[in-house]
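Colleague: Let me begin by handing over the structure; questions about it come next.
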Amino acid sequence: MKTYIHGGYLIGMAGGSTDVITDGALVIENDRIVAAGSAADLEPHKEGADCVINAKGHAILPGFVNTHTHLAGALTKGMTEDVPTFGGPFRIALGMHENVIRKEDVLLPGMVHGVEMLKTGTTTINECWWHQPQSARIVENVGLRGVVAAEIREVDSSRIGFGRMEREWDQRLVEEGFDEAQELFENWQGKANGRITCRVSPDGPDRLRPETMARLGELARKHNVGIHTHLCAVPGEAEFMQATWGKKSIPLLQELGMLGPNFIGAHCVYMDDEDIGIMSDTRSCMSHTAFLVGKRGYYPPMEKVYKSDMGVSLGSDWLSNDMFMVMRSAIILPRVVFGNTFIRDAADVLRMATWGGAHCLGMGDEIGSLEAGKKADVILVNLRRSWLQPLRTNNLVSNLVYNANGGDVTHVFVDGELLVDGGQLTRFDEEELFDEAQAVADSVWGRAQYLFDAEGVR
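If you're matching positions, the sequence shown starts at 1 in the UniProt record's numbering and goes up one per residue.
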């Protein structure tokens with residue numbers, strides 16, 4: 001299958017560059033990019049193409065790489081944002097996931113979340129949570145590229161609260177998590193033409209004993225995969241770690257040999273100078289969930305992070321998955337928090353959402369930019385919108401980052417397959433999926449009513 005895309009503004013992100021080719025073209029054969037450049041140079045490739053797309057009035061970009069997601073979060077949209085941190089995410093959302101949501105409840109709502117990501121331009125996700133064989137099925141069904149990890153915990157997360165120094169360790173949860181991780185490695189690693197790969201995911205250093213964390217490090221080394229965890233994520237984590245184990249989260253992870261370029265810590269809100277120094281020295285990576293943490297009213301020390309050698313990518317977490325919102329939040333919020341207008345600009349965050357995310361996942365040779373030989377993960381963004389017009393090529397990247405939204409994405413390719421064509425899914429009927437997912441969600445919410453009542457949520 002040969003596809004020729006021409007006539008658009010090509011922002012290929014090669015080497016992280018945001019240079020624009022005004023009359024650009026892209027040639028795809030099967031799952032790989034054959035050529036990227038000017039339409040004048042690549043015109044001969046049009047002959048013999050099975051599919052020709054005129055991208056006039058569109059930007060041609062690599063798909064976004066979202067480095068922290070929870071597909072099952074579809075079941076908690078809009079429920080936690082206006083509730084205090086430990087009442088919303090912990091007692092309501094995590095209460096649902098711990099005690100109400102069953103394995104069979106995850107597939108259809110999770111597919112809706114996957115469709116949201118796909119249709120707003122995300123082509124690769126770094127996914128962790130519970131019931132992850134279901135998440136692997138979602139990735140396979142929707143057509144995304146996914147790094148999937150069974151999140152292993154040792155406590156009931158819904159029972160963690162601000163200032164609470166006690167943990168009720170549960171070995172049963174650990175063994176269930178290891179069994180699920182093993183199932184993923186046996187049944188999903190490398191599946192779907194390599195679109196699905198696996199990682200190891202500790203829930204968070206404050207939710208596992210050090211000996212369990214060490215087991216997870218051994219599991220990652222055994223399978224030669226990276227680690228994906230929540231890190232320095234909530235108030236009280238550092239105090240709990242210091243009081244219980246004599247070390248904060250990041251120094252403990254360093255001691256256990258778990259940090260490095262193939263490590264991604266999500267959120268990283270409560271890092272101090274020592275933490276940033278360790279993450280920098282080990283070239284570890286952060287998934288900056290800028291929009292999510294902004295909603296919660298706290299923010300990572302990004303001014304210091306950007307001066308370090310940490311890898312920084314972008315993640316949406318579990319409720320709102322439009323990466324355009326995440327990119328904007330990664331610019332606007334730190335400008336307010338730190339009073340520094342120049343802390344990051346549009347080119348920086350577009351790089352973080354594509355090329356940077358790919359490198360944090362150790363996939364920079366395969367995805368993150370539009371270059372010959374790389375996987376054909378491509379999006380087209382409609383520029384013929386009143387909020388993007390008139391166009392000036394010199395500031396096209398800024399215009400896109402500040403003014404576009406996921407609804408402007410018209411075409412999405414993953415692994416060379418056209419999954420969104422003119423804004424419509426090509427694999428299945430979206431409306432039917434909505435109806436089926438709604439029925440599942442209504443059942444879940446009915447069973448969770450006692451949690452809503454306890455927190456005063458209507």
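Positions of the beta carbon are idealized from the N, C-alpha and C atoms, including for glycine. These figures come from a predicted structure and were not determined experimentally.
DSSP has L202 in a bridge; who is on the other side?
Modeller: Numbered from 1 along the sequence shown, position 202 holds the residue referred to as residue 202. With the sequence shown as reference, residue 202 is identified as Pro, and Leu is not the correct amino acid for it. In the DSSP output, where bridge partners are listed per residue, P202 has I152.
Colleague: Less than 9 Å between the beta carbons of G315 and A266, yes or no?
Modeller: As a working mapping, residue 315 is identified with position 315 in the sequence shown. As a working mapping, residue 266 is identified with position 266 in the sequence shown. In contact: G315 and A266 (Cβ atoms closer than 9 Å).
Colleague: Looking only at its chain, what residues have a beta carbon closer than 7 Å to the beta carbon of W130, apart from the 5 residues adjacent to it on each side?
Modeller: Counting from one through the sequence shown, the residue named residue 130 turns up at place 130. Excluding sequence neighbours, W130 sits near H97, E151.
Colleague: Are the Cβ atoms of G146 and T80 separated by less than 9 Å?
Modeller: Locating residue 146 in the sequence shown gives position 146, where the first residue counts as 1. Locating residue 80 in the sequence shown gives position 80, where the first residue counts as 1. Taking 9 Å as the Cβ cut-off, G146 and T80 do not qualify as a contacting pair.
Colleague: Use the C-beta contact count for E399: other C-beta atoms within 10 angstroms, 16 or more gives buried, fewer gives exposed.
Modeller: Position 399 of the sequence shown, counted from the first residue, corresponds to residue 399. A quick correction: the sequence has Asn, not Glu, at residue 399. Answer is buried; the Cβ neighbour count reaches 16.
Colleague: Can you tell me the Cα-Cα spacing of D275 and A72, whole angstroms?
Modeller: To locate residue 275, count along the sequence shown from 1; it is residue 275. To locate residue 72, count along the sequence shown from 1; it is residue 72. One C-alpha to the other measures close to 30 Å.
Colleague: Short of 7 Å in beta carbon distance, which residues of its chain neighbour G7, apart from the five on each side in sequence? Order them along the chain.
Modeller: In the sequence shown, residue 7 corresponds to position 7, counting from 1. Same-chain partners within the cutoff: D23, A39, N54, A55, K56.
Colleague: Assign K374 to buried or exposed, taking buried as 16 or more other Cβ atoms, counted over all protein chains shown, within 10 Å of its Cβ.
Modeller: By 1-based counting over the sequence shown, the position of residue 374 is 374. With 16 or more Cβ atoms within 10 Å of its Cβ, K374 is classed as buried.
Colleague: Using a Cβ-Cβ cutoff of less than 7 Å, which residues in the same chain neighbour E430 once the five nearest sequence positions on both sides are dropped?
Modeller: Position 430 of the sequence shown, counted from the start, is the residue given in the question as residue 430. Around E430: V115.
Colleague: If we count Cβ pairs, one from each stretch, closer than 8 Å, do we get three or more for the segment 185-196 versus the segment 136-146?
Modeller: These segments touch.
Colleague: Any idea which residues DSSP pairs V336 with across the strands?
Modeller: Numbered from its first residue, the sequence shown carries residue 336 at position 336. Note: V336 sits in no beta bridge, so no partner.
Colleague: Mind checking who W129 pairs with in its DSSP beta bridge?
Modeller: Position 129 of the sequence shown, counted from the start, is the residue given in the question as residue 129. DSSP output for W129 lists A150 as bridge partner(s).
Colleague: For M320, does the count of other Cβ atoms within 10 angstroms reach 16, so buried, or fall short, so exposed?
Modeller: Position 320 of the sequence shown holds residue 320. One point to set straight first is that residue 320 is Ser, not Met, in the sequence displayed. Per the 10 Å Cβ criterion, buried.
Colleague: CA-CA distance, I33 and G15?
Modeller: Against the sequence shown, residue 33 aligns to sequence position 33. Against the sequence shown, residue 15 aligns to sequence position 15. Approximately 16 Å, taken between the alpha carbons.
Colleague: If you run the structure through DSSP and keep just helix, strand and coil, what is Y9?
Modeller: Walking along the sequence shown from the start, residue 9 turns up at place 9. Y9: strand per DSSP, three-state reduction.
Colleague: Beta-carbon separation of V65 and G339 under 9 Å?
Modeller: As a working mapping, residue 65 is identified with position 65 in the sequence shown. As a working mapping, residue 339 is identified with position 339 in the sequence shown. No, the Cβ-Cβ distance between V65 and G339 is not below 9 Å.
Colleague: Short check: CB of D272 to CB of K295, under 9 Å?
Modeller: In the sequence shown, the residue the question calls residue 272 occupies position 272. In the sequence shown, the residue the question calls residue 295 occupies position 295. Contact flag unset, no.
Colleague: What three-state label does DSSP hand F342 in the structure shown?
Modeller: Working through the sequence shown from its first residue, we reach residue 342 at position 342. If DSSP states are grouped into helix, strand and coil, F342 belongs with coil.
Colleague: Under three-state DSSP, which class holds A25?
Modeller: Along the sequence shown, one-based indexing puts residue 25 at 25. Strand at A25.
Colleague: Could you give the C-beta distance for L333 and D317, rounded to a whole number, given that I count them as a contact under 8 Å?
Modeller: Along the sequence shown, read from residue 1 onward, the residue named residue 333 stands at position 333. Along the sequence shown, read from residue 1 onward, the residue named residue 317 stands at position 317. Rounded, the Cβ-Cβ distance is 15 Å, inconsistent with contact.
Colleague: Alpha helix (DSSP H) containing P210: first to last residue?
Modeller: Here residue 210 refers to the residue found at position 210 when the sequence shown is read from its first residue. Residues 210-223.
Colleague: In three-state DSSP terms, what is H45?
Modeller: Within the sequence shown, numbered from 1, the residue matching residue 45 stands at position 45. Here H45 sits in helix by DSSP.
Colleague: Return the chain-ordered list of same chain residues with a C-beta closer than 7 Å to the C-beta of V440, the five sequence neighbours on each side being excluded.
Modeller: Position 440 of the sequence shown, counting from 1, holds the residue named residue 440. Here the set comprises D105, L108, P109.
Colleague: For a test of the three-state rule: what should DSSP assign to M1, helix, strand or coil?
Modeller: The residue given as residue 1 occupies position 1 in the sequence shown. Coil at M1, not helix or strand.
Colleague: Going by DSSP, what residues sit across from P251 in a beta bridge?
Modeller: Against the sequence shown, residue 251 aligns to sequence position 251. Answer is none; P251 lacks a bridge partner.
Colleague: With a floor of 3 residues, list each beta strand (DSSP E) that falls wholly inside the segment 285-341, ordered by position along the chain.
Modeller: Complete beta strand (DSSP E) runs here, min 3: 285-288, 311-314.
Colleague: Just verifying my parser: in three-state terms, what is the DSSP assignment at F413?
Modeller: The sequence position of residue 413 within the sequence shown is 413, counting from 1. It is a strand residue.
Colleague: Report the residue from W169, F428, T123 whose alpha carbon sits nearest the alpha carbon of E211.
Modeller: Locating residue 211 in the sequence shown gives position 211, where the first residue counts as 1. Measuring from the Cα of E211, the nearest candidate turns out to be W169.
Colleague: Within 10 angstroms of the Cβ of P44, are there 16 or more other Cβ atoms? Answer buried if so, exposed if not.
Modeller: Your numbering for residue 44 matches position 44 in the sequence shown. Classification of P44: exposed, given that the 10 Å Cβ count is below 16.
Colleague: Would you decide whether Q134 is buried or exposed? Buried here means 16 or more other CB atoms lie within 10 Å of its CB.
Modeller: On the sequence shown, position 134 is the one that residue 134 refers to. Classification for Q134: buried.
Colleague: In this structure, what does DSSP give as the bridge partners for P62?
Modeller: Residue numbering aside, residue 62 sits at position 62 when the sequence shown is read from its first letter. Answer is V378.
Colleague: Report the residue from H411, T124, F185 whose alpha carbon sits nearest the alpha carbon of V381.
Modeller: Working through the sequence shown from its first residue, we reach residue 381 at position 381. Here the closest residue by C-alpha is H411.
Colleague: Given K77, which residues of its chain have a CB within under 7 Å of its CB, disregarding the five upstream and five downstream residues?
Modeller: The count along the sequence shown starts at 1 and reaches residue 77 at position 77. Around K77: L319.
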